[in-house]
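Written out below as structure tokens is the structure these notes cover.
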Amino acid sequence: MKYPVIVVPFLKVSGMALFPFILVGRRIDINDPVLINHEKIHLRQQAELLVLPFYLLYLVNYLLNLAVYRNREQAYLNIIFEREAYRHEADGLYLQSRKWFNWRRYF
1 MKYPVIVVPF
11 LKVSGMALFP
21 FILVGRRIDI
31 NDPVLINHEK
41 IHLRQQAELL
51 VLPFYLLYLV
61 NYLLNLAVYR
71 NREQAYLNII
81 FEREAYRHEA
91 DGLYLQSRKW
101 FNWRRYF
């Protein structure tokens, strides 16, 4: 599925999935297949959870990780949704074979 990619110059991160859009900080990032695939994985996760529950689970998982790791970067990298996305971001075919709710494997 094709998702609209929007350049948001003031974005503090390289990319962000905000269903149904992919936001990137720089125009050049539109052509970064790894970044775009990472965000597409997040869009699939969001669709599976009907969007709002995704954001709630994401936030709760981050806060729990923050209590465990006491480090913002480690807390972020260990969010279950991020673990799946980072693990498969370089595999351009991943979404074609990905099973529904596969993010559950990263608990």
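Numbered per the numbering used here, the sequence shown spans residues 1 to 107.
Virtual Cβ for every residue (Gly too), placed ideally from N, Cα, C.
Check	Outcome
Residues in the same chain with beta-carbon distance under 7 Å from Ile111, minus the five sequence neighbours each way, listed in chain order, please.	The requested residue 111 does not occur in the structure, where the chain is confined to residues 1 to 107.
Since Ser14 and Val24 are thought to touch, with beta carbons under 8 Å apart, how far apart are those beta carbons, to the nearest angstrom?	7 Å
Can you tell me where the beta strand (DSSP E) holding Phe21 begins and where it ends?	Phe21 to Val24
In three-state terms, what does DSSP make of Ala17?	strand
Quick one: using the 10 Å Cβ neighbour count with 16 as the cut-off for buried, is Leu50 buried or exposed?	exposed
Quick one: Cα of Ile41 to Cα of Leu95, how far?	7 Å
Nearest to Lys99 by alpha carbon, out of Asn78, Gln45, Leu57 and Glu73?	Gln45
So, for Phe101: in the same chain, excluding its five sequence neighbours on each side, which residues have a beta-carbon less than 6 Å away from its beta-carbon?	Glu48
What does DSSP give as the partner residues of Ile6 in its beta bridges?	Leu23
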